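Each residue of the sequence shown is one higher than the one before, starting from 405 at the first, in the working numbering.
First the structure, in the form of structure tokens, and then the observations on it.
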Amino acid sequence: MKALLFPGQGVQKIGMLNEIISSNPEIHDFVAEASEDLDFDLIKLITSGPEEQLNLTEYAQPAILATSIAIVKAKKVNSNISVTAGLSLGEYSALVYANCLRFSDALKLVNVRGKLMQSAVPEGTAGMLVVLNMGLEEIYKMIDSVNSSQEEINFSTDNAEGVSVLAGKNTSIEACKKYIEDNDFKRVKTQMVQMSVPSHCSLLSEAQTELEKLLNTMEFKNPEIPVIPNVLAQPTSNVDEIKNSLITQLTNTVRWRETLLFLSNNKIQEIIDAGPGKTIVNMARKLRSIEKTSLLDL
405 MKALLFPGQG VQKIGMLNEI ISSNPEIHDF VAEASEDLDF DLIKLITSGP
455 EEQLNLTEYA QPAILATSIA IVKAKKVNSN ISVTAGLSLG EYSALVYANC
505 LRFSDALKLV NVRGKLMQSA VPEGTAGMLV VLNMGLEEIY KMIDSVNSSQ
555 EEINFSTDNA EGVSVLAGKN TSIEACKKYI EDNDFKRVKT QMVQMSVPSH
605 CSLLSEAQTE LEKLLNTMEF KNPEIPVIPN VLAQPTSNVD EIKNSLITQL
655 TNTVRWRETL LFLSNNKIQE IIDAGPGKTI VNMARKLRSI EKTSLLDL
């Protein structure tokens with residue numbers, strides 16, 4: 405059995421779709437037609453930038469979604485896929501692949517999702533911190549410690565073993581760095597995520613409410629294969645669960661490590677990274693139990 409997985413925000417780069425659309429006119433037309441309702445030229449942005457615009461959340465999200473679906477169509481990923489999932493934004497790509505959500509509707513959704521996220525947090529006031537080589541028990545201890553001091557830090561993404569992402573205001577991010585320094589965690593390293601706004605945190609509660617209103621106007625069909633939502637970390641084909649998961653993931657932890665664990669423990673012989681980039685396979689390699697699973701990057 406095979407699983408098809410889609411990446412989230414952060415993998416975007418100018419030219420990520422150039423090779424495919426230059427050699428596949430039908431893919432170019434497919435993306436162009438689906439993006440007609442957007443208020444910007446998606447093809448132009450993906451192929452030639454500017455980079456500053458592409459990196460803004462409201463533009464990066466539809467660009468990554470379009471590139472992921474274009475890659476899958478161009479590579480003619482066959483029907484032997486048993487289950488699909490996507491990291492954060494990638495969950496929308498997974499739903500398009502499973503024919504649960506129309507591509508054009510997904511593009512509108514993630515564009516608005518990005519705008520809501522962008523407007524929810526004043527620029528430069530909050531961020532996301534990757535914490536490497538710290539166990540989950542210590543991560544939760546740090547979160548409790550920081551949150552007891554009138555700060556608020558959220559466990560944004562449980563990416564892989566020893567790879568956790570926290571989100572919150574800048575003061576909360578600095579409090580986490582100080583906690584690590586004060587407790588002398590010599591192996592622990594941190595780095596900021598290159599995103600214009602934080603995600604999967606309480607700062608996006610108002611954005612979540614507005615996203616729910618839009619989601620409720622969209623048509624969702626029963627997926628042709630099970631989808632693993634970020635907040636459940638197990639497969640479902642229930643449309644209500646899928647829609648609710650899209651809403652709640654904006655303010656809740658992405659359980660990606662558990663998603664990979666589920667796949668490795670349930671007879672998935674091959675995990676396919678639908679790109680762009682190699683984020684998915686690189687995270688999967690950090691999982692000890694995945695040694696018997698083949699990892700393929702499209």
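Yeah, the Cβ is synthetic: ideal placement off N, Cα and C, and Gly gets one too.
Every value quoted in this text rests on a predicted model; they were computed, and no experiment measured them.
Per DSSP, cross-strand counterpart(s) of residue i
i    : result
N563 : BP columns for N563 are empty, so no partner.
E674 : K406 and S698
L533 : L570 and M596
G490 : F410
I485 : K406
I468 : According to DSSP, which records beta bridges pairwise, I468 is partnered with nothing at all.
N558 : A571
I632 : A489
T640 : V631
V685 : Looking at the DSSP assignment, V685 forms no beta bridge with any residue, so it has no partner.
V435 : BP columns for V435 are empty, so no partner.
V658 : T561
Residues near residue i in its chain [Cβ-Cβ closer than 8 Å; skip 5 each side]
i    : result
E413 : Note that residue 413 corresponds to Gln in the displayed sequence, not to Glu. Same-chain partners within the cutoff: T461, A464, Q465, I468, S492, L493, M599 and S603.
T594 : L533, V534, V535, L536, C580, K581 and I584
Nearest residue (CA-CA) to residue i, options the options
i    : options                   : result
T613 : D677, L699, T657 and I651 : I651
L408 : D677, I418, A564 and L699 : D677
E555 : E541, A571 and K479       : A571
I473 : N459, N484 and T488       : T488
V597 : E430, I450 and V534       : V534
V415 : L700, E495, K480 and T683 : T683
G518 : L699, S698 and L654       : L654
N574 : N428, V643, A530 and R661 : A530
E645 : E662, R661, F624 and I675 : F624
Contact test: residue i Cβ vs the ligand NAD heavy atom, cutoff 7 Å
i    : result
N563 : Of the ligands one can find in the structure shown there are none, so the ligand NAD has no counterpart to examine.
Contacting residues, own chain, Cβ-Cβ under 6 Å from residue i (five flanking each side not counted)
i    : result
V658 : S492, T561, H604 and N634
T471 : M420, L421 and P680
A502 : T488, P627, E628, I629 and V631
Q457 : Y463
I424 : I431, A474 and A478
V601 : T461, M521, Q522 and V525
D701 : D677, K682 and V685
S609 : T655
T451 : N422
P429 : none
L699 : I675, V685 and A688
CB of residue i within 8 Å of CB of residue j, strictly
i    : j    : result
V567 : L607 : no
F589 : M622 : no
I447 : A436 : yes
A498 : L691 : no
K647 : L664 : no
R611 : A524 : A small fix is needed here, since residue 611 is Ala in this sequence, not Arg. A contact, by the Cβ cut-off of 8 Å.
Y583 : S549 : yes
L615 : L505 : no
I547 : F559 : yes
M532 : V592 : no
I485 : K406 : yes
I543 : N551 : no
G528 : F410 : no
K477 : I431 : yes
V516 : F507 : no
Contacting residues, own chain, Cβ-Cβ under 7 Å from residue i (five flanking each side not counted)
i    : result
C580 : L533, M546, V550, I557 and L570
L449 : Q457, L458, Y463 and A467
S649 : P633, N634, V635 and L636
_Segment contact, 8 Å Cβ cut-off, at least three pairs: the region 661-671 with the region 637-650_ = yes
*Cβ pair count under 8 Å reaching 3, the region 437-451 against the region 511-522*: yes
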